[in-house]
Amino acid sequence: MPAFDLFEVREAETVSIIRFLDQIDDFSHRTTDLHEQLSKFVGDNACLKLVIDLRETKYLPSSVLGVLVQLRNQGCEVHLANASVDVAEVMQVTRLDTMIHVNKTEVGPWEKDAGDALARVPLAGYVLTCPECLHETMVDKHLLGKRAACSQCSDEFSVTAESIRKATHIYANCPSCATQLKLERDEVNVGISCPQCDSLIEVRVIV
Ligand SMILES: [Zn+2]
Ligand SMILES: [Zn+2]
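Taking our numbering, the leading residue of the sequence shown gets 5, the next gets one more, and so forth.
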């Protein structure tokens, strides 16, 4: 048996994206396997945030929800992306959405589903506000923990994890036309078209 036969992995990082394989109603009989496989995956990848793409999953059996709550209790944030209206409603009614995040942010098509049309682009940095002149400045993601200079007043400020968390916009460079695109957080991990050249791109957060 392969290490993980119940789900497929797209990104295995601090932030990991997975999707379930096969019909999830069969998972009810394999709850222990699912728990073991997910725990192992989360442990092996030092994953702090697990995003589960539910695009092809219509509902979640309570046994699976139980496993997800256990994962969360082990210290891994669990997010559901592309949840159906039914799933979102169940999460809300049961108040499980206080433990498992139901994301507005959606995960875009998977590489093998999307074909060649979609270009994947790493996030380049964050749009931060200069504490001195309040001008918006594009700050490279590698400057976390270092100092950045404001593009307007040249004042230097510290780039902290907190300032990055608070940033409402990120930026990335279009691979086709090199335009620097300022995007909202919700536009990460979804297919978008470049406003300049129309090519289909997906900005990925690579932690
Ligand atoms: Zn400034
Ligand atoms: Zn472009």
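Yeah, the Cβ is synthetic: ideal placement off N, Cα and C, and Gly gets one too. Remember, predicted model here, so these are calculated numbers, not experimental data.
In angstroms with no decimal places, state the Cα-to-Cα distance between residue 179 and residue 125. Locating residue 179 in the sequence shown gives position 175, counting from the first residue. Locating residue 125 in the sequence shown gives position 121, counting from the first residue. Distance between the alpha carbons of residue 179 and residue 125: 7 Å.
Who are the Cβ neighbours of residue 82 in its own chain at under 6 Å, not counting the five residues just before and after it? As a working mapping, residue 82 is identified with position 78 in the sequence shown. Correct list, in chain order: 54, 72, 75, 76 and 104.
Express the C-alpha separation of residue 69 and residue 91 in angstroms, rounding to a whole number. Along the sequence shown, one-based indexing puts residue 91 at 87. Along the sequence shown, one-based indexing puts residue 69 at 65. So the alpha carbons of these two residues sit roughly 11 Å apart.
Determine, using beta carbons only, whether residue 181 and residue 200 come nearer to each other than 8 Å. Locating residue 181 in the sequence shown gives position 177, counting from the first residue. Locating residue 200 in the sequence shown gives position 196, counting from the first residue. Yes, the pair counts as a contact, with Cβ atoms nearer than the cut-off.
State yes or no: is the C-beta of residue 159 nearer than 7 Å to some heavy atom of ligand 1? One-based indexing of the sequence shown puts residue 159 at position 155. Yes - ligand 1 has a heavy atom lying nearer than 7 Å to the Cβ of residue 159.
Check whether the Cβ atoms of residue 204 and residue 197 sit closer than 8 Å, and answer yes or no. To locate residue 204, count along the sequence shown from 1; it is residue 200. To locate residue 197, count along the sequence shown from 1; it is residue 193. Here residue 204 is near residue 197, since their CB atoms are less than 8 Å apart.
Taking 7 Å as the cut-off, is the C-beta of residue 136 nearer than that to any heavy atom in ligand 1? The count along the sequence shown starts at 1 and reaches residue 136 at position 132. For ligand 1, at least one heavy atom lies less than 7 Å from the Cβ of residue 136.
Could you spell out the range, first to last residue, of the beta strand (DSSP E) harbouring residue 84? Here residue 84 refers to the residue found at position 80 when the sequence shown is read from its first residue. In the DSSP annotation of this structure, the continuous segment of the beta strand (DSSP E) that includes residue 84 starts and ends at 81–85.
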